[in-house]
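See structure below.
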Amino acid sequence: MEEHRVYELMDFLACHVSKDKPHEPIEYLYSLLDRCLLFRCGLVEAPLLFGRRFIENMCRRLDPDNLGHISLDQYVQGMKILGIKKYNKHPLLCRSAIDCVSRDTFIEEA
105 MEEHRVYELM DFLACHVSKD KPHEPIEYLY SLLDRCLLFR CGLVEAPLLF GRRFIENMCR
165 RLDPDNLGHI SLDQYVQGMK ILGIKKYNKH PLLCRSAIDC VSRDTFIEEA
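Take a look at the structure:
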């Protein structure tokens with residue numbers, strides 16, 4: 105089961121259903137699985153749980169002073185909030201401040 109990442113797939117599907125709350129969940133899941141297969145073949149964009157715009161807005165909330173970077177702790181917290189379990193635990197740190205991650209790095213990693 106772990107080799108085929110079945111649990112990850114089930115978690116992915118459940119998260120999409122709980123986020124989108126479709127009226128027809130079975131049809132929605134069929135459509136989502138179709139999009140996953142098409143993505144795997146390189147025919148469509150990935151069916152991401154959160155889009156770039158959402159992630160950018162979240163990063164702005166983590167950086168209310170608009171400094172262009174967040175602390176390493178905020179980076180980790182942001183990844184947890186997004187439900188991302190596999191991410192770079194040691195991202196490229198920005199040069200302008202100590203132990204900070206640039207907004208672009210956070211968005212790219214998410």
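All letters in the sequence shown, in the order written, are residues 105 to 214 by my numbering.
Cβ atoms here follow ideal geometry from the backbone N, Cα and C, with glycine treated the same way.
Here the structure is a predicted model, which is why all the values come from computation and not from measurement.
Is the beta carbon of residue i sitting closer than 8 Å to the one on residue j?
i	j	result
E149	F143	yes
R199	D167	no
For the alpha helix (DSSP H) holding residue i, just list the boundary residues, first then last.
i	result
I130	P129 to R144
Y191	That residue, Y191, is in no alpha helix (DSSP H); it is neither H nor E in DSSP.
E160	R156 to L166
D169	Run containing D169: none; DSSP gives neither H nor E here.
L117	V110 to D124
Can you list, in chain order, the residues of its chain with a C-beta nearer than 7 Å to that of residue i? Leave out the 5 residues immediately preceding and following it.
i	result
I188	A214
Starting from residue i, trace the beta strand (DSSP E) in both directions and tell me its first and last residue.
i	result
C204	C204 to S206
Which residues in the same chain as residue i place their Cβ atom closer than 8 Å to its Cβ, once the five residues preceding and following it in sequence are excluded?
i	result
P151	H120, L136, R139, C140 and F143
Please state whether DSSP places residue i in a helix, a strand or coil.
i	result
I174	strand
L197	strand
Is residue i buried or exposed, if buried means 16 or more other CB atoms sit within 10 Å of its CB?
i	result
V110	exposed
Comparing the CB of residue i with every heavy atom of the ligand GTP, is any distance shorter than 7 Å?
i	result
E212	In the structure shown, the ligand GTP is absent, as is every other ligand, since no ligand is present at all.
To which residues of the same chain is residue i closer than 6 Å at the C-beta, ignoring the five residues directly before and after it?
i	result
L197	none
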